[in-house]
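Residue numbers (the numbering used here): 1 to 506.
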Ligand code: SF4
Ligand code: SF4
């Protein structure tokens, strides 16, 4: 016996009094849970397939459905939990690697939840963001050590052009997600929203589809180890070129988009044959040292005529401060640090859940190290990896980030319910799939409006919190750790974060 039947993880509860047998759930479920039995004129459920993506619950016109955790899933055991038992059973049957999607959902400590934000009282009064200007605008790129001026006909001028800068109107950008991992409709959604908001979205490693060149002024183009879709036109289309060294969800390993997902459109965009596996090697095969990274950075600067900042994206791992320092010295204008809660379309569960470090600690130690080495001005820092709210964003900026990358949050705004089955390509919400029947469920115009609303909402909240701190610009908040205090943190954690304990005098 190779396969043992596994108990369903979820129970599908259908209120037969409310069900009108419309079969919307049958058509909409990506995982073939619901079936119509003609003889009985009844819709029934194969619960074993259910991933609790909630699509049927939301779509059911009579609200007849609910999904709950199956109380009989496995006997409670606090050491061998149901995920361990289920994974062991699956691997005993297949000998394969357990894949998953989206971010780490383990109950690891969230440092953001143990950091509190300051507010003005009496002296240094609050600023009312409704009546006074609040500056969220941020410039990404290296800043010179000093500005040299010359005089020409009595007019002061910059003696040398500054390094390339990219202006964003809010310190929120959309993080890398490739065409292939998500549908073209979702890529377009993010591109439209970035354009409306005056910020940037990121192609990920999937190349830039020809229909998306119109959004190039709001695009970061990524160069990953597979070099998919990378050519001169692609590099010069982006406002920023990002070298992907690592990704928070799966530090140290590469990516794999199976051949069945490589449609004609994806094959053209990635510049690979249709139906072939797109395998991104774990390392770049031309980078084995900081000097090699420097070579690639300068190759990309040459290819883009020194007009675009070059970003280096790294996973938050041990020794991150030294790695970031090396990347700055190698010529990076931007460093994106992706923490261990970062999302993904597909990653081995063992890696997603156990490799990497929290973004809060990584960011704080990188910012501190670059300040100590007096090179902090030479780079902008982007923080990524599971940002859930405007409060997380404020805390990250006060810990040293210039801006924050978001991916899971905008996908939730589009419809994602974090079922973590992106790697199957069956996403019922039409997000992580290339099935044309499902991808049509995302209307880029309407979805972009939802994403824009989310960012507008967070931006308003950021202004309100900044006003409450008596700060009127992101520039003044960046690395301003005196505005943060910790609760439930030990001495070592406070030291690494560079903050005091709540109630301690500043
Ligand atoms: S969508 Fe709702 S009403 Fe329609 S068949 Fe399914 S459970 Fe019944
Ligand atoms: S994108 Fe789709 S498959 Fe992936 S977690 Fe969200 S709902 Fe599930």
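Ideal placement from N, C-alpha and C gives every residue a C-beta, glycine not left out.
Per DSSP, what are the beta-bridge partners of residue i in this structure?
i           : result
residue 202 : 176, 220
residue 69  : 10
residue 167 : 139
residue 155 : 152
residue 358 : BP columns for residue 358 are empty, so no partner.
residue 334 : 311, 380
residue 37  : 42
residue 121 : 123
residue 16  : None, per the DSSP bridge assignment.
residue 241 : 221, 310
residue 298 : Beta-bridge pairing links residue 298 to no other residue.
residue 404 : 172, 383
residue 473 : 135
residue 423 : Answer by DSSP bridge pairing: none, since residue 423 is not bridged.
residue 182 : 179
residue 397 : Residue 397 is not bridged to any residue.
Given this structure, state the Cα-to-Cα distance separating residue i from residue j, to the nearest angstrom.
i           : j           : result
residue 172 : residue 192 : 15 Å
residue 435 : residue 103 : 23 Å
residue 456 : residue 476 : 21 Å
residue 159 : residue 149 : 5 Å
residue 410 : residue 373 : 36 Å
residue 469 : residue 481 : 12 Å
residue 167 : residue 282 : 32 Å
residue 328 : residue 462 : 28 Å
residue 240 : residue 387 : 22 Å
residue 300 : residue 343 : 27 Å
residue 233 : residue 303 : 10 Å
residue 451 : residue 174 : 10 Å
residue 203 : residue 219 : 7 Å
residue 237 : residue 279 : 24 Å
residue 351 : residue 339 : 13 Å
residue 34  : residue 45  : 5 Å
residue 397 : residue 289 : 30 Å
residue 389 : residue 42  : 42 Å
residue 260 : residue 50  : 23 Å
residue 285 : residue 225 : 7 Å
residue 11  : residue 138 : 48 Å
residue 27  : residue 83  : 29 Å
residue 337 : residue 366 : 9 Å
residue 318 : residue 360 : 13 Å
residue 25  : residue 18  : 14 Å
residue 144 : residue 163 : 7 Å
residue 70  : residue 6   : 12 Å
Following a CB-centred definition, is residue i positioned closer than 7 Å to any heavy atom of ligand 2?
i          : result
residue 80 : no
Under a Cβ-count criterion, where at least 16 other Cβ atoms within 10 Å of its own Cβ denotes burial, should residue i be classed as buried or exposed?
i           : result
residue 23  : exposed
residue 293 : buried
residue 277 : exposed
residue 271 : exposed
residue 505 : exposed
residue 309 : buried
residue 131 : exposed
residue 178 : buried
residue 32  : exposed
residue 503 : exposed
residue 483 : buried
residue 228 : buried
residue 405 : buried
residue 123 : exposed
residue 80  : exposed
residue 501 : exposed
residue 152 : exposed
residue 108 : exposed
residue 401 : buried
residue 490 : exposed
residue 185 : buried
residue 95  : exposed
residue 16  : exposed
Report yes if the C-beta of residue i is less than 7 Å from at least one heavy atom of ligand 3; otherwise report no.
i           : result
residue 495 : As far as ligands go, the structure on display features ligand 1 and ligand 2 and does not contain ligand 3.
Pocket of ligand 2 defined by Cβ to heavy atom distance under 6 Å: Any residue whose Cβ sits closer than 6 Å to a heavy atom of ligand 2 makes the list: 53, 101, 102, 411, 416, 417, 418, 419, 420, 421, 422, 427, 429, 431, 432.
Pocket of ligand 1 defined by Cβ to heavy atom distance under 7 Å: Having a Cβ closer than 7 Å to some heavy atom of ligand 1 are 14, 18, 19, 20, 21, 22, 23, 24, 25, 26, 34, 43, 56, 59, 60, 61, 62, 64, 65.
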